[in-house]
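J.: Protein chains in written order, with the numbering used here: chain X, 125 to 622; chain H, 38 to 371.
Glycine included, every Cβ here is placed at the ideal spot set by N, Cα and C.
Being a predicted model, the structure only gives us computed values, none of them experimental.
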Amino acid sequence: MNAVEASNITKRFGQTVALNDVRITVADGETHALVGRNGAGKSTLVSMLTGLNRPDSGQITFRGEPAPSLSDRQAWRTKVACVYQKSTIIPTLTVAENLFINRQSLDGGPVISWSRLRRTAGDLLSEYGVDVDPNADAAALTVEQRQLVEIARALSFGAKFIILDEPTAQLDGPAIERLFERMRSLRAAGVTFLFISHHLQEIFEICQTVTVFRDARHILTSPVADLSKDQLVESMTGEAVGLGAGPSRPTPAPESILDIQGLSLDKHFSGIDLSVRKGEVVGIAGSGSSGKVELGEVIVGLRKADTGTVAVSGKALKPGSVPAALAGGVGFVPEDRHKEGFVPGMSIAENATFPITRRLGRFGAVSGRRRAEVAEQMIGDLAIKTSGPEQDVADLSGGNQQKVVMARALSGDPALLVLMDPTAGVDVKSKENLLDAVDRAAAAGAAVLVISDELDDLRPCDRVLVMFHGSVAGEFPAGWTDNELVSVIEGIGESSGE
Amino acid sequence: MSDVSAPVVAARPRLQVAKLRDLALLPAIVVLLVVGFIASPIFLTGGNLLNVVQQQSELGLVVLGEALVLIVGKMDLSLESTLGFAPALAMVLVLPTSEHGLGLGLPQWTALPVCLLAGVLIGAINAFLVLRLQLSGFIITLGMLITIRGVQQGLTVGQSLASPNMPSLYYLGSAVWFGVNASIWIFLLLFVIAIVFMGYFRHGRSLYAIGGNEAAAKAAGIRSTRVTAIVLILASVLAALAGAMMVGHYGSVTASQGSGWIFNAFAAAVLGGVSLNGGKGTLFGAMCGVLMLGLVQNILTLAHVNVYWIGAINGAIIIGALVLARLTSGKAQD
Ligand SMILES: Nc1ncnc2c1ncn2[C@@H]1O[C@H](COP(=O)(O)OP(=O)(O)OP(=O)(O)O)[C@@H](O)[C@H]1O
Ligand SMILES: [Mg+2]
Numbered sequence: 125m126n127a128v129e130a131s132n133i134t135k136r137f138g139q140t141v142a143l144n145d146v147r148i149t150v151a152d153g154e155t156h157a158l159v160g161r162n163g164a165g166k167s168t169l170v171s172m173l174t175g176l177n178r179p180d181s182g183q184i185t186f187r188g189e190p191a192p193s194l195s196d197r198q199a200w201r202t203k204v205a206c207v208y209q210k211s212t213i214i215p216t217l218t219v220a221e222n223l224f225i226n227r228q229s230l231d232g233g234p235v236i237s238w239s240r241l242r243r244t245a246g247d248l249l250s251e252y253g254v255d256v257d258p259n260a261d262a263a264a265l266t267v268e269q270r271q272l273v274e275i276a277r278a279l280s281f282g283a284k285f286i287i288l289d290e291p292t293a294q295l296d297g298p299a300i301e302r303l304f305e306r307m308r309s310l311r312a313a314g315v316t317f318l319f320i321s322h323h324l325q326e327i328f329e330i331c332q333t334v335t336v337f338r339d340a341r342h343i344l345t346s347p348v349a350d351l352s353k354d355q356l357v358e359s360m361t362g363e364a365v366g367l368g369a370g371p372s373r374p375t376p377a378p379e380s381i382l383d384i385q386g387l388s389l390d391k392h393f394s395g396i397d398l399s400v401r402k403g404e405v406v407g408i409a410g411s412g413s414s415g416k417v418e419l420g421e422v423i424v425g426l427r428k429a430d431t432g433t434v435a436v437s438g439k440a441l442k443p444g445s446v447p448a449a450l451a452g453g454v455g456f457v458p459e460d461r462h463k464e465g466f467v468p469g470m471s472i473a474e475n476a477t478f479p480i481t482r483r484l485g486r487f488g489a490v491s492g493r494r495r496a497e498v499a500e501q502m503i504g505d506l507a508i509k510t511s512g513p514e515q516d517v518a519d520l521s522g523g524n525q526q527k528v529v530m531a532r533a534l535s536g537d538p539a540l541l542v543l544m545d546p547t548a549g550v551d552v553k554s555k556e557n558l559l560d561a562v563d564r565a566a567a568a569g570a571a572v573l574v575i576s577d578e579l580d581d582l583r584p585c586d587r588v589l590v591m592f593h594g595s596v597a598g599e600f601p602a603g604w605t606d607n608e609l610v611s612v613i614e615g616i617g618e619s620s621g622e
Numbered sequence: 038m039s040d041v042s043a044p045v046v047a048a049r050p051r052l053q054v055a056k057l058r059d060l061a062l063l064p065a066i067v068v069l070l071v072v073g074f075i076a077s078p079i080f081l082t083g084g085n086l087l088n089v090v091q092q093q094s095e096l097g098l099v100v101l102g103e104a105l106v107l108i109v110g111k112m113d114l115s116l117e118s119t120l121g122f123a124p125a126l127a128m129v130l131v132l133p134t135s136e137h138g139l140g141l142g143l144p145q146w147t148a149l150p151v152c153l154l155a156g157v158l159i160g161a162i163n164a165f166l167v168l169r170l171q172l173s174g175f176i177i178t179l180g181m182l183i184t185i186r187g188v189q190q191g192l193t194v195g196q197s198l199a200s201p202n203m204p205s206l207y208y209l210g211s212a213v214w215f216g217v218n219a220s221i222w223i224f225l226l227l228f229v230i231a232i233v234f235m236g237y238f239r240h241g242r243s244l245y246a247i248g249g250n251e252a253a254a255k256a257a258g259i260r261s262t263r264v265t266a267i268v269l270i271l272a273s274v275l276a277a278l279a280g281a282m283m284v285g286h287y288g289s290v291t292a293s294q295g296s297g298w299i300f301n302a303f304a305a306a307v308l309g310g311v312s313l314n315g316g317k318g319t320l321f322g323a324m325c326g327v328l329m330l331g332l333v334q335n336i337l338t339l340a341h342v343n344v345y346w347i348g349a350i351n352g353a354i355i356i357g358a359l360v361l362a363r364l365t366s367g368k369a370q371d
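(1) Output, in chain order, the set of chain X residues within a Cβ distance shorter than 9 Å of I390 of chain H.
(2) From S521 of chain X to F234 of chain H, what distance separates their C-alpha atoms?
(3) Looking at G102 of chain H and A401 of chain H, is the spacing between their C-beta atoms short of 7 Å?
(4) Does DSSP put R187 of chain X in a helix, in a strand, or in coil?
(5) At a cut of 8 Å, does the region 409-422 of chain X reach the region 587-602 of chain X through at least three beta carbon pairs?
(6) Within 10 angstroms of its Cβ, does N202 of chain H collect 16 or more other Cβ (buried), or is it exposed?
(7) Measuring only between beta-carbons, confirm whether R169 of chain H sits less than 7 Å from chain X.
(8) Kindly indicate the opening and closing residues of the beta strand (DSSP E) around I176 of chain H.
(9) Under 7 Å Cβ to Cβ from A283 of chain X, same chain only, skipping five residues before and after it: list those, please.
(10) For L268 of chain H and L244 of chain H, which I take to be in contact (beta-carbon distance under 8 Å), what is that distance rounded to the nearest angstrom?
(11) Can you tell me the Cα-Cα spacing of G180 of chain H and S115 of chain H, whole angstroms?
(12) Taking just the CA atoms, how far does G97 of chain H sit from L339 of chain H?
(13) Output needed for G469 of chain X: all residues of its chain with C-beta closer than 7 Å, excluding positions within five of it in sequence on either side, in chain order.
(14) May I ask you to list, following chain order, the residues of the region 305-324 of chain H that have a beta carbon less than 7 Å from some beta carbon of chain X?
(15) Can you list the residues of chain X that K111 of chain H reaches, using a CB-CB cut of under 9 Å?
(16) For chain X, check one thing: does any of its Cβ atoms lie closer than 7 Å to the Cβ of N335 of chain H?
(17) To the nearest angstrom, how far is the alpha carbon of G569 of chain X from that of E379 of chain X?
(18) Within its chain, find whatever has a CB closer than 7 Å to the CB of V188 of chain H; leave out the 5 residues flanking it on each side and keep chain order.
(19) Would you say Y287 of chain H faces chain X, with C-beta separation under 7 Å as the test?
(20) Would you report the Cα separation of F466 of chain X and P447 of chain X, rounded to the nearest angstrom?
(21) Does chain X have any CB closer than 7 Å to the CB of R363 of chain H?
(22) Inspect the beta-carbon positions of C325 of chain H and L69 of chain H and report whether they are closer than 7 Å.
(23) Quick one: which chain H residues come within Cβ less than 9 Å of E418 of chain X?
(24) For E129 of chain X, which residues does DSSP report across the bridge?
(25) Quick check: does the Cβ of K166 of chain X come within less than 6 Å of any heavy atom belonging to ligand 1?
(26) Can you name the residues of chain X whose CB is closer than 7 Å to the CB of G249 of chain H?
(27) Output needed in chain order: residues of the region 171-182 of chain X with a Cβ under 9 Å from some Cβ in chain H.
(28) Residues bridged to T333 of chain X by DSSP?
(29) Is the CB of A253 of chain H under 7 Å away from at least one CB in chain X?
(30) How big is the Cα-Cα spacing for S211 of chain X and L271 of chain H?
(31) Is Q209 of chain X close to ligand 2? I mean its beta-carbon at under 6 Å from any heavy atom of the ligand.
(32) Answer with buried or exposed for V41 of chain H, where buried requires no fewer than 16 other C-beta atoms within 10 angstroms of its C-beta.
(33) Return the CA-CA distance between M38 of chain H and F321 of chain H, expressed in angstroms with no decimal places.
(34) Mind listing the chain H neighbours of S229 of chain X? Cutoff is C-beta to C-beta under 7 Å, in chain order.
(35) Enumerate, from N- to C-terminal direction, the unbroken alpha helix (DSSP H) stretches of 4 or more residues contained entirely within the region 251-315 of chain X.
(36) Given that a residue counts as buried once 16 or more other Cβ atoms are within 10 Å of its Cβ, and exposed if not, what is D577 of chain X?
Spelled out as structure tokens, the structure:
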């Protein structure tokens, strides 16, 4: 029996063909991977399989029965649970209520018992290692906590078929491990998964079968064991894998661009000193609770430090002010792309050129032609898959939205680039383009801070600092091995360098 | 031993922030009670306070409807003209031409049902325009406000309507149950039911979910369009019911019944912590907002404030109260 079978699915958005006669069959009890480059149509298929969207043509069946009608939300809920790529947390409700949204009365009766709801939510959260008060507003969650709440919710339904659309893009190593453990035990209990990720090693770790989409088409379905990683990448990209050696950068200049002294932020980090030189790329690694993201947010003005100073090119930045940071020559990619990354409803061209609107025309007027030219250039450089620079960013696939945020950061030729998880949700091939663009910016003299726990992001760095529980626990010059870095990230090893 | 098995992580039961936010208006109400006591010896008598509640009962129902609409993330400005139109339509259909009616000869008992049906109809039109045709709720319901008032003017030729022989429409606003005006009972009862429904029932909670993030609510299996439509209709029916209560209370429907009420309705809801962006606020807060506005009015009247200045003072006090509520609750109003 197949948990789900979709055949001849076609879906268009305007002139964009998001899915072109694709099929997928997920057998009962397997963990099935769906991979493909950004914009290949994965999330579009997920929206069809969960009844949020209707295919233009094609059939979907669950265990042989035709899919419920679109308006019967309750029936869809009994067929499939899902973690969507885009957050479905309701910020105005508490964490506990979000976990049990639309099924708040746990005993099946009509009346909600809030104390019981909170207690059950607390148990569920601790099972997933999420350290938050179930009573807190969901608006206060970090990106990672939000993702964990989504996962805990989807897995706790008791659904027999669960779809996870890039659940690991925002998680640190231990959280991913915990997720996989849960998935394995659920699979042992007969649960079927459709799993989407751009981290290919994860596919090999927990999936049995893989389906590849490319350019809205079905390319192959095969047991994972029959494929090598290179073969997988090849079928995703349609080209033979060429290991880009990465351009070598000139050695950093002696003058320092970023100077941080004695920076502390309550509960997140304390006493951070750091300087980054012109043309230098410095990585900051650490787990979700290390304080690395908060450090980045302080540098770019999204948060205000309790003590300490941040100076760029010798000038102190006004604390807690993003405009001051931008004026001081900072470009950045925020952790939460939906909140601080882009303005939905505006075009790629507008979003990507915000920092340089002044340069695009005189007297406050913006030349549309100049802007489109600049945007075209970025779309090419960063391999953004789109129908053109005027497309609404909200209609792009998740990974392509991330690239627009990157384009925005790079557009002002910043003196300092602060990149927080810059490649989250970006496919293997596009990741190279993004990292190459960072390299070019550094070669042109930018100081770069890469805040991430993706080893691929950190590898091109001149040195990597590892943060643990709010302070720097180790520093590694280029050439570190994965194991030594990871052990310090997880707080079980000694720093070797320094 | 049994202690050991208790869940360790469960949050300790303590004062909930949400609950505190609800009570934000209570200090202000206490202050008003003191001010009123100083202003007039009559103020703190049972009769006067009940009078305040009765005065506010009609606005209260409109606020109840508006608060539900705001929580679900929409807006309905047309409630203020529904308040006059619904009872006026009922009367026009029942009354003979000699009393400014249309002379259709409908039996008098139909007046209340017709009044409420008018509410259903207006709510359904709003829902169709806003949800099905996806038009902007603000401008559409503003248009409805003007249109409905215009229809009322047209039907009644700008006249006030009154008829002593229409108990069906007059009953609710004039009856006394257990020694207290029926409108007070209705006001309190509806609020209590709605507070419990919104606090303890899945369907009530779904309004918050839709207002907080509609896409997420849909993904969670909530039929957001249907729920929102029901809320829009319910709000209009509440306004029509309030209109019927006003007829009994004041004895007639004037051509301007409800005119200017929408500001008070929004003010009461926002004072009580309901967000104009949807998904936030409680009906208990909104009820406190209604009572607070009533106390302000009452004190101004008892203090013999110059009638020509009452509008300005009333507006200024509401603005001041909004500032105060912002400061005491510490939460941005949005
Ligand atoms: N609402 C929409 N309007 C217009 N185009 C859309 C819309 N939704 C998706 N698309 C387009 O459909 C294509 C497929 O998008 P989809 O989100 O399915 O990609 P994906 O495979 O999930 O990519 P990613 O790995 O980046 O998440 C993209 O080109 C995208 O721009
Ligand atoms: Mg996607």
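T.: Judging by the given coordinates:
(1) Since the first and last residues shown for chain H are 38 and 371, residue 390 of chain H lies out of range.
(2) Within the first sequence, residue 521 of chain X is the residue found at index 397, counting from 1. Within the second sequence, residue 234 of chain H is the residue found at index 197, counting from 1. Approximately 39 Å, taken between the alpha carbons.
(3) Lying before the first or after the last residue shown, residue 401 of chain H is absent from chain H, which here runs from 38 to 371.
(4) Here the question's residue 187 of chain X lines up with position 63 in the first sequence. It is coil, neither helix nor strand.
(5) By the C-beta criterion, the region 409-422 of chain X is judged to be in contact with the region 587-602 of chain X, since at least 3 inter-stretch pairs fall below 8 Å.
(6) Reading the second sequence from its first residue, position 165 is the one you call residue 202 of chain H. Counting of Cβ neighbours within 10 angstroms places N202 of chain H among the exposed residues, the total staying below 16.
(7) Here residue 169 of chain H is taken as the residue at index 132 of the second sequence, counted from 1. Not one chain X Cβ lies under 7 Å of R169 of chain H.
(8) As a first step, residue 176 of chain H is located in the second sequence; it is residue number 139 there, counting from the start. Where I176 of chain H is concerned, there is no enclosing beta strand (DSSP E), although the alpha helix (DSSP H) it sits in stretches over 174-193.
(9) If you number the first sequence from 1, residue 283 of chain X lands on position 159. Same-chain partners within the cutoff: V204, A205.
(10) Along the second sequence, one-based indexing puts residue 268 of chain H at 231. Along the second sequence, one-based indexing puts residue 244 of chain H at 207. Residue identity differs from the one stated: residue 268 of chain H is Val in this sequence, not Leu. Sure, about 7 Å apart at Cβ, within 8 Å.
(11) Here residue 180 of chain H refers to the residue found at position 143 of the second sequence. Here residue 115 of chain H refers to the residue found at position 78 of the second sequence. Spanning the two alpha carbons is a distance of roughly 8 Å.
(12) Here residue 339 of chain H refers to the residue found at position 302 of the second sequence. Here residue 97 of chain H refers to the residue found at position 60 of the second sequence. So the two alpha carbons sit approximately 21 Å from each other.
(13) Start at 1 with the first residue of the first sequence, and residue 469 of chain X comes out as number 345. Here the set comprises D516, A518.
(14) G316, K317
(15) Against the second sequence, residue 111 of chain H aligns to sequence position 74. In chain order: nothing, as chain X lies at least about 15 Å away.
(16) As a position in the second sequence, residue 335 of chain H is number 298, starting the count at 1. It does not: the Cβ of N335 of chain H has no partner Cβ on chain X nearer than 7 Å.
(17) What you label residue 569 of chain X is simply residue 445 of the first sequence in a count that begins at 1. What you label residue 379 of chain X is simply residue 255 of the first sequence in a count that begins at 1. Those two C-alpha atoms are separated by around 11 Å.
(18) Position 151 of the second sequence, counting from 1, holds the residue named residue 188 of chain H. Result list for V188 of chain H: F122, in chain order.
(19) Here residue 287 of chain H corresponds to residue number 250 of the second sequence, with the count starting at 1. Y287 of chain H does not count as touching chain X.
(20) Translated into the one-based positions of the first sequence, residue 466 of chain X becomes position 342. Translated into the one-based positions of the first sequence, residue 447 of chain X becomes position 323. Whole-angstrom Cα-Cα distance: 15 Å.
(21) As a working mapping, residue 363 of chain H is identified with position 326 in the second sequence. Any Cβ of chain X closer than 7 Å to the Cβ of R363 of chain H would place that residue at the interface, and such an atom is absent.
(22) Residue 325 of chain H sits at position 288 when you count from the first residue of the second sequence. Residue 69 of chain H sits at position 32 when you count from the first residue of the second sequence. No, they are not a contact pair.
(23) One-based indexing of the first sequence puts residue 418 of chain X at position 294. Correct list: empty, because the minimum Cβ distance to chain H is about 23 Å.
(24) Locating residue 129 of chain X in the first sequence gives position 5, where the first residue counts as 1. Answer by DSSP bridge pairing, in chain order: X:T149, X:T185.
(25) The sequence position of residue 166 of chain X within the first sequence is 42, counting from 1. Yes.
(26) Within the second sequence, residue 249 of chain H is the residue found at index 212, counting from 1. Neighbours of G249 of chain H on chain X, chain order: I214, P215, T216, L217.
(27) T174, L176
(28) The residue you call residue 333 of chain X lines up with position 209 of the first sequence. X:H156, X:P347.
(29) Locating residue 253 of chain H in the second sequence gives position 216, counting from the first residue. Yes, contact with chain X.
(30) If you number the first sequence from 1, residue 211 of chain X lands on position 87. If you number the second sequence from 1, residue 271 of chain H lands on position 234. Rounded to the nearest whole angstrom, the CA to CA distance from S211 of chain X to L271 of chain H is 31 Å.
(31) Taking the first sequence and counting its residues from 1, the one referred to as residue 209 of chain X is at position 85. Within the cutoff, so yes.
(32) Start at 1 with the first residue of the second sequence, and residue 41 of chain H comes out as number 4. Residue placement at V41 of chain H is poorly supported in this model, since its pLDDT is 35, which falls under 50; the coordinates still yield a value, given next. Around the beta-carbon of V41 of chain H, fewer than 16 other beta-carbon atoms lie within 10 Å, marking it exposed.
(33) Residue mapping note: residue 38 of chain H aligns to position 1 of the second sequence, counting from 1. Residue mapping note: residue 321 of chain H aligns to position 284 of the second sequence, counting from 1. Low local confidence applies: a pLDDT of 35 at M38 of chain H is under 50, so the model's placement there is unreliable, and no value is given.
(34) Translated into the one-based positions of the first sequence, residue 229 of chain X becomes position 105. Simply R239.
(35) 267-279, 297-312
(36) By one-based count along the first sequence, residue 577 of chain X stands at place 453. Answer is buried; the Cβ neighbour count reaches 16.
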